[in-house]
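Asker: I am attaching a structure below and will ask some questions about it afterwards.
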Amino acid sequence: MPGLDADVIDALVGITPGSPLDAIRARRPQARAQAQATYQALFAPTEPGNVSAQERFAVGAFVCGLHGDTAIAASYADGLAKSGASAALKEAVEAATAEARAHGPYGRYPAGPLSREDDVRPSYRAGAAVHGMLGPRLAAAFEHAHMLVFHPRDATQAALQALLDAGWSTTDIVTLSQIVAFLSFQVRAVAGLRALAGRP
Amino acid sequence: MSDTVLKSPERTAPTVFTRAQLDWLPWLEPLAVEAMTERHLASLVDAARVKSPYFRLLARDPDALEARTHTDKDIFYNPDAGLPRAERELAATATSRFNGCLYCASVHARHAATYSRRETDVDRLLDAGVSADLGERWNAIVAASVALAATPSAFGPEHVERLRRAGLDDLAISDVIHAAAFFNWANRLMLSLGQPAATAGP
C-alpha cells in the first residue's frame, strides 16, 4: 500500500510522473489534491472521534471487496493489518465480503410511476459466524455499507436507527457514510482512469 | 445529545424524476447554526451553505466535508478545457438517474438543461431513463456514466473508444469519469441521510 502521503488514486492506477495521465490529472489540481485530502481525512484523521482506525479500514476493505477490485481491497486490508487488527478481524472481513457480494444498483422507488423500475432484492444481514467475529457495532456498519454500495435507493430512517442502536452516534454515522460514499468514488475514478490508460 | 432519527414532516415526496426545485429533509440532526465552531463553518467553504441542512449535517465531519467540497468544485467548475460544463452535468444526471437519486437528478438536470439548452433531451433522460436516445455524443456519455455506476463497475476500453469516436479528447474523457464517479459519492449521501420533498409553498 502506498504511504498516506502518496496520492492513492495515482498509485492504484499506476500513474507515474510525466506520463499522459499525470498531465491530465494536473489539469484538475484541486480534484486530485482534495480527493487525496478526503482519503486522509477519512483514513488518517487528525481527530478520529469515536470511529477507530480499525473500523475505518475494515469498512474500507469490505466496501472495495464488494466492488470486486482486489487490488484496492488489498490496499485497505493492508491498512487494516497496520492498524493492529487481529487475524480474526481480517478473516471476518474476508468472510463478510464473500457472503455479501451482489450486483447493483437495485432497489425500490417511492410508490408511483417509477414502481415499474423497482428491482427488489434482499438486504444483507451478516451471517451468525461473521456477526460473531465482527461484533454488533461493526456488523451493523457492514450491513449499512452493503446497502449503500448496492442498493442505496432502499435507504430508510430504520437503517439509521439500526446504526444508532448498535452504538453509532449521529456524527459517527456521517463519517461512516462518507467512508462508503467516498470509496464508491475512489474505486470508480481508479477503474475509469485505468481504462483510459489502456490498463484495465 | 441529539442522537435520534428525525421524523419526516408531512410533505409530499416526489414520485417521478423532475427538473423542478425540490427540498431535502434530513433524517439525522444537522448541527445547529449557533453550535457551529469556526472549523465547522470553514468546512462549508461557501458561507451561504450554512442555510442547508444537508451541509450542516455533513459538517459533523468537517475535514471530510471540506475536502469533498473542493473536489466537487474542481470536477464540475474548472473551466480549463476538457468536457463542457453541460456534459459534466449530463454525466451527473445520468448517474443519479441510474442510481435512483431523485434529489441529485433534479439539481443536475436543471444545470444540464441550463448549460446545454437541450431541455427536451434532459427531460427524455429523466422520463425514459438511461436508455433514452439523446444523439450519439450524449448517448456515449450516458452509457459511460452508467457502466461506471454499476457495482462492480462495467466500465472498460469500449467506453473510452466510444467517447473518443464521439469527439472527446482524453481530458474530456477524464472529466466524464470524474463527474460520474463523483455522483456515486453524492448519490449515496443524499439517498441515505434524508429524503427529497416538494418545496414548501411560499
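Read top to bottom, the protein sequences are chains A and B. Going by my numbering, the residue at position 170 of the first sequence is 170; the numbering climbs one at a time, nothing skipped. Just so we're on the same page, my numbering is the position in the second sequence counted from 1, plus 1000. Yeah, the Cβ is synthetic: ideal placement off N, Cα and C, and Gly gets one too. Being a predicted model, the structure only gives us computed values, none of them experimental.
#1: State the Cα-Cα distance for the pair His-103 of chain A and Glu-1038 of chain B, rounded to the nearest angstrom.
#2: So within the stretch 72 to 133 of chain A, which uninterrupted alpha helix (DSSP H) runs reach at least 4 residues, ignoring any that extend past its ends?
#3: Hey, could you find the ends of the beta strand (DSSP E) Leu-1025 of chain B is sitting in?
#4: Can you check whether the C-beta of Ser-177 of chain A is within less than 8 angstroms of a C-beta belonging to chain B?
#5: For Ser-1096 of chain B, collect the residues of the same chain with a Cβ closer than 7 angstroms to its Cβ; drop the 5 residues on either side in sequence, then sort them by chain order.
#6: Do Leu-1171 of chain B and Gly-1082 of chain B come within 8 angstroms of each other at the CB atom, strictly closer than that value?
#7: Using only CA atoms, which one of A:Phe-185, A:Asp-172 and A:Phe-182 lies nearest to Pro-48 of chain A?
#8: Quick one, are the C-beta atoms of His-1070 of chain B and Glu-1089 of chain B less than 8 angstroms apart?
#9: Within 10 angstroms of its Cβ, does Glu-99 of chain A collect 16 or more other Cβ (buried), or is it exposed?
#10: From the DSSP output, read off the bridge partner residues of Pro-1196 of chain B.
#11: May I ask you to verify whether the stretch 79 to 91 of chain A touches the stretch 101 to 116 of chain A, counting CB pairs closer than 8 angstroms and requiring at least 3?
#12: What does the Cβ neighbour count give for Pro-2 of chain A, buried or exposed, with the cut at 16 atoms within 10 Å?
#13: Would you report the Cα separation of Pro-122 of chain A and Ser-1008 of chain B, rounded to the nearest angstrom?
#14: Among B:Leu-1163, B:Asp-1127 and B:Pro-1152, which one has its Cα closest to the Cα of Val-1142 of chain B?
#15: Measure how close the beta-carbons of Leu-196 of chain A and Ser-1174 of chain B come, nearest whole angstrom, since I'm counting them as under 8 angstroms.
#16: Just to confirm the assignment, what range does the alpha helix (DSSP H) spanning Trp-1138 of chain B have?
#17: Contact check, Trp-1027 of chain B vs Leu-12 of chain A under 8 angstroms by CB: the rounded distance?
#18: Does chain B have any CB closer than 8 angstroms to the CB of Val-8 of chain A?
#19: In chain A, which residues lie with their C-beta within 9 angstroms of the C-beta of Glu-1029 of chain B?
#20: Could you tell me which uninterrupted beta strand (DSSP E) segments, each at least 3 residues in length, are contained entirely in the stretch 1055 to 1140 of chain B, listed from first to last along the chain?
#21: Are there three or more Cβ pairs, one per stretch, closer than 8 angstroms when the stretch 146 to 166 of chain A is compared with the stretch 19 to 36 of chain A?
#22: Let me check understanding here. Comparing Cα to Cα, which of B:Ser-1052, B:Leu-1193 and B:Val-1033 lies closest to Ala-158 of chain A?
#23: Between the stretch 1145 to 1161 of chain B and chain A, which residues of the former have a C-beta closer than 8 angstroms to a C-beta of the latter?
#24: What does the Cβ neighbour count give for Ser-1153 of chain B, buried or exposed, with the cut at 16 atoms within 10 Å?
#25: Where does Ser-1174 of chain B fall in DSSP's three states?
#26: Buried or exposed: where does Arg-199 of chain A fall if 16 or more other Cβ atoms within 10 Å of its Cβ makes it buried?
#27: Does any residue of chain B bring its CB to less than 8 angstroms from the CB of Val-174 of chain A?
#28: Using DSSP with H/G/I as helix, E/B as strand and the rest coil, what is Glu-1038 of chain B?
#29: Given that Asp-1046 of chain B touches chain A, what residues does it touch there, using C-beta distances under 8 angstroms?
#30: Identify which residue in A:Ile-24, A:Ile-179 and A:Ser-184 has its Cα closest to the Cα of Ala-44 of chain A.
#31: Does any C-beta atom of chain B lie closer than 8 angstroms to the C-beta of Ala-61 of chain A?
#32: Using alpha carbons as the reference points, say which of A:Ala-71, A:Gly-132 and A:Val-59 lies closest to Thr-97 of chain A.
#33: Among the candidates A:Leu-114, A:Gly-112 and A:Ala-77, whose CA atom is the shortest distance from the CA of Glu-94 of chain A?
#34: Give a yes or no on whether the minimum CB-CB distance between Ala-1064 of chain B and chain A is below 8 angstroms.
#35: Can you check whether the C-beta of Gln-157 of chain A is within less than 8 angstroms of a C-beta belonging to chain B?
#36: What residue range is occupied by the uninterrupted alpha helix (DSSP H) comprising Glu-47 of chain A?
Answerer: Let's see:
#1: In the first sequence, the residue the question calls residue 103 of chain A occupies position 103. In the second sequence, the residue the question calls residue 1038 of chain B occupies position 38. Going from the Cα of His-103 of chain A to the Cα of Glu-1038 of chain B covers about 42 angstroms.
#2: 87 to 100
#3: Locating residue 1025 of chain B in the second sequence gives position 25, where the first residue counts as 1. First-last of the beta strand (DSSP E) with Leu-1025 of chain B: 1022 to 1026.
#4: By 1-based counting over the first sequence, the position of residue 177 of chain A is 177. It does; some Cβ of chain B falls within 8 angstroms.
#5: Mapped onto the second sequence, residue 1096 of chain B falls at position 96. Counting only Cβ-Cβ distances below 7 angstroms, and skipping sequence neighbours, we find Cys-1104, Ala-1105, His-1108, Phe-1183 and Asn-1187.
#6: Position 82 of the second sequence, counting from 1, holds the residue named residue 1082 of chain B. Position 171 of the second sequence, counting from 1, holds the residue named residue 1171 of chain B. Yes, they are a contact pair.
#7: As a working mapping, residue 48 of chain A is identified with position 48 in the first sequence. Closest by alpha carbon: A:Asp-172.
#8: Here residue 1070 of chain B corresponds to residue number 70 of the second sequence, with the count starting at 1. Here residue 1089 of chain B corresponds to residue number 89 of the second sequence, with the count starting at 1. No.
#9: The residue given as residue 99 of chain A occupies position 99 in the first sequence. When all chains shown are included, Glu-99 of chain A counts as exposed.
#10: Indexing the second sequence from 1 puts residue 1196 of chain B at position 196. DSSP, once it has assigned bridges, lists B:Trp-1024 as partnering Pro-1196 of chain B.
#11: no
#12: One-based indexing of the first sequence puts residue 2 of chain A at position 2. Summary for Pro-2 of chain A: the model assigns pLDDT 48, below 50, so the residue's position carries little reliability, and this model does not support an answer.
#13: Locating residue 122 of chain A in the first sequence gives position 122, where the first residue counts as 1. Locating residue 1008 of chain B in the second sequence gives position 8, where the first residue counts as 1. Answer to the nearest angstrom: the Cα atoms are 25 angstroms apart.
#14: Indexing the second sequence from 1 puts residue 1142 of chain B at position 142. The candidate whose alpha carbon is nearest that of Val-1142 of chain B is B:Leu-1163.
#15: On the first sequence, position 196 is the one that residue 196 of chain A refers to. On the second sequence, position 174 is the one that residue 1174 of chain B refers to. That pair is a contact at about 6 angstroms.
#16: Taking the first residue of the second sequence as position 1, residue 1138 of chain B is located at position 138. Counting along the chain, the alpha helix (DSSP H) containing Trp-1138 of chain B begins and ends at 1136 to 1149.
#17: Translated into the one-based positions of the second sequence, residue 1027 of chain B becomes position 27. Translated into the one-based positions of the first sequence, residue 12 of chain A becomes position 12. Not confirmed; about 33 angstroms, so no contact.
#18: Looking up residue 8 of chain A in the first sequence gives position 8. So, not an interface residue.
#19: Along the second sequence, one-based indexing puts residue 1029 of chain B at 29. Simply Thr-170.
#20: none
#21: no
#22: Here residue 158 of chain A refers to the residue found at position 158 when the first sequence is read from its first residue. Ranking B:Ser-1052, B:Leu-1193 and B:Val-1033 by Cα distance to Ala-158 of chain A puts B:Leu-1193 first.
#23: Leu-1148, Ala-1149, Ala-1150, Thr-1151, Pro-1152, Ser-1153, Phe-1155, Gly-1156, Pro-1157, His-1159 and Val-1160
#24: As a first step, residue 1153 of chain B is located in the second sequence; it is residue number 153 there, counting from the start. It counts as buried.
#25: As a working mapping, residue 1174 of chain B is identified with position 174 in the second sequence. Reduced to three states, the DSSP call for Ser-1174 of chain B is helix.
#26: Along the first sequence, read from residue 1 onward, the residue named residue 199 of chain A stands at position 199. It is exposed - the Cβ of Arg-199 of chain A has fewer than 16 other Cβ atoms within 10 Å.
#27: By one-based count along the first sequence, residue 174 of chain A stands at place 174. Chain B, which has a Cβ nearer than 8 angstroms to the Cβ of Val-174 of chain A, makes this yes.
#28: On the second sequence, residue 1038 of chain B is found 38 positions in, with the first residue counted as 1. Residue state, collapsed to three classes: helix.
#29: Here residue 1046 of chain B refers to the residue found at position 46 of the second sequence. Residues of chain A passing the Cβ test: none, with the nearest at roughly 15 angstroms.
#30: Indexing the first sequence from 1 puts residue 44 of chain A at position 44. Checked all of A:Ile-24, A:Ile-179 and A:Ser-184; the closest Cα to Ala-44 of chain A is A:Ile-179.
#31: By 1-based counting over the first sequence, the position of residue 61 of chain A is 61. By this cut-off, Ala-61 of chain A is not an interface position.
#32: Locating residue 97 of chain A in the first sequence gives position 97, where the first residue counts as 1. Of A:Ala-71, A:Gly-132 and A:Val-59, the residue nearest in Cα terms is A:Val-59.
#33: Start at 1 with the first residue of the first sequence, and residue 94 of chain A comes out as number 94. Selected option, being the one with the closest Cα: A:Ala-77.
#34: Mapped onto the second sequence, residue 1064 of chain B falls at position 64. Closer than 8 angstroms to some Cβ of chain A, the Cβ of Ala-1064 of chain B qualifies, so yes.
#35: On the first sequence, position 157 is the one that residue 157 of chain A refers to. Yes, Gln-157 of chain A lies at the interface with chain B (some Cβ there is under 8 angstroms from its Cβ).
#36: As a working note, residue 47 of chain A is residue 47 in the first sequence. First-last for Glu-47 of chain A: undefined, no H or E at that position.
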